[in-house]
Structures are given as C-alpha cells and as structure tokens.
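> According to the working numbering, the residues represented by the sequence shown are 67 to 235, in order. Glycine is no exception: its CB is placed at the ideal position from the N, C-alpha and C atoms. Computed from a predicted model, the values in this text were never measured in an experiment. The structure under discussion is supplied below as structure tokens; questions concerning it will follow.
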Amino acid sequence: MRIGRVAAGTMALAATTIMATSQSAAASVTPRIGSDHTYSGRQNTPSVPLHKGIGMAHHQYRVAVYTGNKAGAGTDANVHLTIYGTRTYVKHKLDNSQNNFERGKTDRFTLGLRDVGRLKSITIWHDNSGEKPGWYLKKVTIDGVTFKADRWLATDEDDKRPWAHLERS
67 MRIGRVAAGT
77 MALAATTIMA
87 TSQSAAASVT
97 PRIGSDHTYS
107 GRQNTPSVPL
117 HKGIGMAHHQ
127 YRVAVYTGNK
137 AGAGTDANVH
147 LTIYGTRTYV
157 KHKLDNSQNN
167 FERGKTDRFT
177 LGLRDVGRLK
187 SITIWHDNSG
197 EKPGWYLKKV
207 TIDGVTFKAD
217 RWLATDEDDK
227 RPWAHLERS
C-alpha cells in the first residue's frame, strides 16, 4: 500500500512540474492578446506586431469609393472588396452608418486589416440585392493608389457582371 501511495505522489508531482514548465515556456514565447510584443516563432526575435492574437501585421487602409454621376448609378446592394497585395489578400464588406454608394458620391472607409504588402489589385462586387442593384463604379482609391473602373457592375449592363477585378493604375 505504502509503495503505491509514494508512486502516485511522485506521478502527481511530475505531472504538476511538467504542466508548470510548459505553461511558463508558452508564456515566455507567446504574448498575450492585446500586448505590444511581437512574435516571430523564436524567442527574443521581434518580427511582426500582433493584432488580436493572430500574429499578423495590422494596417489602416484608407479606401475611397467613387460612384459615377450617371442616371441610376447608385446601389443599395451590399458591396464587398478584396484587396490583393504582394504578401496576401483580405476581404471586407464596405459599410458604415451612412447611405453609401449613391449617384455622384464618394464614400470613405478606414479599414483596420491584415497588411497585404504592396497593393497589386482589387476585386469589388455587390450581392445584387435590392430593387435596382446595378451600380456605376467610377474608381476606387486605397492609400493613394487608384483602381479605375468606369463601368457598370450590374447583371443587365455592359458585361452583365456585378463585379470587377481592377489592377492599379
């Protein structure tokens, strides 16, 4: 009986030691969410600042969307944007508290997203919802980079697509 208790006590002590060691090792390598630390996979090697614990750089993109001044150019459909860069891409729904994408209007958004690297292209589209979803998009600018469209994003105009893939101008 006594040998069994000693063995059980030794096993419990070993398990506690292993857990404490692994927790302290993890705490020294992986910063907590919301910290100002960086993590590159190796200790003491700063890399990319963490954003919400995902380990990716965070970038504030300033996006301006220009709707054309043609009759019926505005849309109430849900508009989405994909930004492609040299490192990766990100998708985001463009929406705020205002009535966006109206005829002759410029809508501005500040998007806190993952850093994609140097901007290469975008895809912008709408979900074709609403009574008259067709939309005449003049251009989009992101951080001063222009993506010209000058086309309808509509299933009943031009090429009948509610989306456009645009290269930087």
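State the start and end residues of the unbroken beta strand (DSSP E) segment that holds serine 187.
From DSSP, the beta strand (DSSP E) with serine 187 extends over 185-192.
> Considering only C-alpha positions, which residue in the set Ala143, Ala137 and Thr172 is nearest to isoleucine 208?
The residue with the shortest Cα to Cα distance from isoleucine 208 is Thr172.
> Just to confirm, is the Cβ distance from glycine 11 to glycine 151 under 7 angstroms?
This structure leaves residue 11 out entirely; the chain is present only between 67 and 235.
> Of all the options Ala215, Arg234, Glu233 and Val131, which has the alpha carbon lying nearest to the alpha carbon of arginine 227?
Checking every option, the nearest Cα to that of arginine 227 belongs to Ala215.
> Could you name the residues that DSSP lists as bridge partners for aspartate 173?
Answer is Val131.
> May I have the straight-line CA-CA distance separating valine 131 from arginine 153, to the nearest angstrom?
The straight-line gap from Cα to Cα measures roughly 23 angstroms.
> For the beta strand (DSSP E) containing phenylalanine 213, list its first residue and its last residue.
Note, phenylalanine 213: beta strand (DSSP E), 211-219.
> Glutamate 197: which of His124, Asp142, Asn135 and His125 sits nearest, CA to CA?
That would be Asp142, whose Cα lies nearest to the Cα of glutamate 197.
> Going by DSSP, which residues form a beta bridge with threonine 207?
Ala130 and Thr212.
> Throw me the rounded Cβ distance for the threonine 189 and histidine 231 pair, which I believe falls under 8 angstroms.
That pair is a contact at about 5 angstroms.
> Comparing alpha-carbon positions, which option in Val129, Tyr127, Ala139 and Arg174 lies nearest glutamate 223?
With distances taken between Cα atoms, glutamate 223 lies closest to Ala139.
> How big is the Cα-Cα spacing for asparagine 242 and alanine 220?
In this structure the chain extends from 67 to 235, so residue 242 is not present and cannot be described.
> Once you ignore the five residues that flank glutamate 168 on each side, which residues in its own chain have a CB closer than 6 angstroms to its CB?
These residues qualify, in order along the chain: Gly140.
> Since valine 145 and valine 206 are thought to touch, with beta carbons under 8 angstroms apart, how far apart are those beta carbons, to the nearest angstrom?
That pair is no contact at about 10 angstroms.
> Can you check DSSP and say which residues form a bridge with glycine 138?
Paired residues: none, contrary to the question.
> Around the Cβ of glycine 134, are there at least 16 other Cβ atoms within 10 angstroms (buried) or fewer (exposed)?
So glycine 134 ends up on the buried side.
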